[in-house]
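So the structure is just underneath, and the comments pick up after that.
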Amino acid sequence: MTDSMLPPLTSKNWPALEPGWVWLCGAGPGDPGLLTLHALNALRQADVVIYDALVQEAILEWAPQAEHIYAGKRGGKPSAKQRDISLRLVDLARAGKRVLRLKGGDPFVFGRGGEEAQTLVQHGIPIRIIPGISAGIGGLAYAGIPVTHRDVNQSVTFVTGHDQSGNTPSSLNWRAIAQGSQVIVIYMGMKHITRIAAELMEGGRSAHEPVGIVTTATTDAQQVLETTLSTMEADIAAAGLEPPAIICIGEAVRMRQVLDWQGQIAGEPVRDMDPLGRGRPAESA
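Start counting at 1 in the sequence shown, then tack on 86, and there's your number in my numbering.
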């Protein structure tokens, strides 16, 4: 089908971002191509875009008509207070602006989107939620790591590596997670990686369990480290990796040996056609 035969974007009755509204939108893990069409539609209409630290500049270029306001929150660095961000959204909406709150990943996956949305509703501001691709899925996919694989897991657990105070969440039962979760995906876990690894191994996870760490996922600066639960702290330091990072723990990480599609595009050979050692063609699974 040629481009001239494709239906135009305007053929759908796209929603209008009205004055006084706030749309909370997920920008995906980084690559601008992972935006949804609803996100693009919002960018083209907004008067103001309030964006997070992980939103790429190329994404903001799709809103040249809008005022761009940075509201990034980065661990260990000066950041806007959450209360101030939420109330600024209220003020802008009350001023009659078309407000787009643009958050990395998905606004409802460790993104405080629920808090901001609740504040807006409590202040009588109409909202729309636009989901985005979460880094815990999209970022790992760009690394060639499937979060679910039938030969490996029928469940996956997403956890955050720190709470509102910046510490490892005290409410998490790491022993239960270690024993009950086949694959674990950790957001914002680099700062407390030593404790997290120790908690999981004390909970029964093997010291040799494969771990994949993806930093600055889906961007040109993406780096991927394959390591193990007991050696990942030293390997992270040796590789000089820095946040933002997604950490995946489980046998699914081995699938990168056959599914590292970015490496294959760059001319690297497939390392192992059967990394799980199943001894059968994939289609016969």
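Each residue gets a CB set at the ideal place from its N, CA and C atoms; glycine is no exception. This one's a predicted model, so the numbers in the text were calculated from it and none came from an experiment.
{"Check": "Beta-carbon proximity of Y156 to L188, cut-off 8 Å", "Outcome": "no"}
{"Check": "Beta-carbon gap between I263 and W109 smaller than 8 Å", "Outcome": "no"}
{"Check": "Pairwise C-alpha distance: A307 and G230", "Outcome": "16 Å"}
{"Check": "Reduced DSSP secondary structure (H/G/I, E/B, other) of A157", "Outcome": "coil"}
{"Check": "Whole-Å CB distance - Q142 paired with A102, under 8 Å assumed", "Outcome": "Not quite, the Cβ-Cβ distance comes to about 25 Å (not below 8 Å), so this is no contact."}
{"Check": "Under the three-state DSSP convention, the category W260 falls into", "Outcome": "helix"}
{"Check": "Sheet register partners of L186 (DSSP bridge)", "Outcome": "W109, V135"}
{"Check": "Three CB pairs or more closer than 8 Å across the segment 345-360 and the segment 319-335", "Outcome": "no"}
{"Check": "DSSP beta-bridge partners of Y273", "Outcome": "T246, I332"}
{"Check": "Nearest-angstrom beta carbon gap, E295 and G336 [assumed within contact, 8 Å]", "Outcome": "7 Å"}
{"Check": "Residues near R261 by beta carbon distance below 8 Å, same chain, minus five either side", "Outcome": "E285, E288, G289, G290"}
{"Check": "Helix, strand or coil at R198 [DSSP, three-state]", "Outcome": "coil"}
{"Check": "Inter-residue CB distance, T246 and M274 (contact presumed, cutoff 8 Å)", "Outcome": "6 Å"}
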